[in-house]
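In this note's numbering, the protein residues as written are 13 to 179. Only one structure is covered here, and it is reproduced in the block below.
In structure tokens:
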């Protein structure tokens with residue numbers, strides 16, 4: 013039996029950014045966590061409030077999620093969808109910012125995206141997931157955190173983190 017409160021993770025993301033797959037991957041990866049975590053997709057209400065999908069009355073601030081993730085805009089999409097994705101991403105960021113909650117952007121394709129999300133889980137709930145990170149990688153993230161936490165520029169984040177993933 014665990015002495016921890018249930019882990020609550022909400023995943024937001026524009027269309028075709030892998031939000032649904034990431035939720036499924038996290039549910040699978042954290043299946044043995046006790047107490048069982050609450051992992052769900054997030055959406056923005058017609059009033060511009062971030063909510064847990066399927067729950068029109070659930071306010072993102074109560075209960076407070078341990079972790080709010082936003083899927084990055086780095087997955088390939090056809091045609092004019094990138095412009096629509098960027099607009100939806102801006103709307104999501106504005107809603108989260110207006111609600112006064114923090115979030116982390118998750119980049120990568122397939123398992124890499126899931127791995128980055130699980131690293132974020134390990135930082136906020138080490139009892140739920142333990143990530144293996146090299147000393148060099150940990151130092152690099154610490155240096156970036158001081159500036160990136162204050163910026164919120166999606167294009168900059170994409171360039172920065174896709175570059176780090178190649179290193």
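Beta carbons are placed, not taken as given, at the ideal position from N, Cα and C, and that holds for glycine.
Inset, instruction - Can you tell me which of 52, 17, 16, 29 puts its alpha carbon nearest to the alpha carbon of residue 117? - result: 29
Legend entry - Distance CB(residue 78)-CB(residue 19) smaller than 7 Å: yes
Inset, instruction - Return the residue from the list 109, 106, 132, 81 that minimises the CA-CA distance to residue 32. - result: 81
Inset, instruction - Find the nearest neighbour of residue 56 within the set 124, 137, 105, judged by alpha-carbon distance. - result: 105
Inset, instruction - Taking all protein chains shown into account, decide if residue 90 is buried (16 or more other Cβ within 10 angstroms of its Cβ) or exposed. - result: exposed
Inset, instruction - Express the C-alpha separation of residue 16 and residue 84 in angstroms, rounding to a whole number. - result: 30 Å
Inset, instruction - Pull up the distance between the alpha-carbon of residue 53 and that of residue 131, whole angstroms please. - result: 19 Å
Legend entry - Residue(s) in a DSSP beta bridge with residue 116: 81
Inset, instruction - Could you pull out every residue in the same chain whose Cβ sits closer than 7 Å to the Cβ of residue 25, ignoring the five residues on either side in sequence? - result: 31, 82, 83
Legend entry - Spatially closest choice to residue 107 from 46, 41, 60, by CA coordinates: 60
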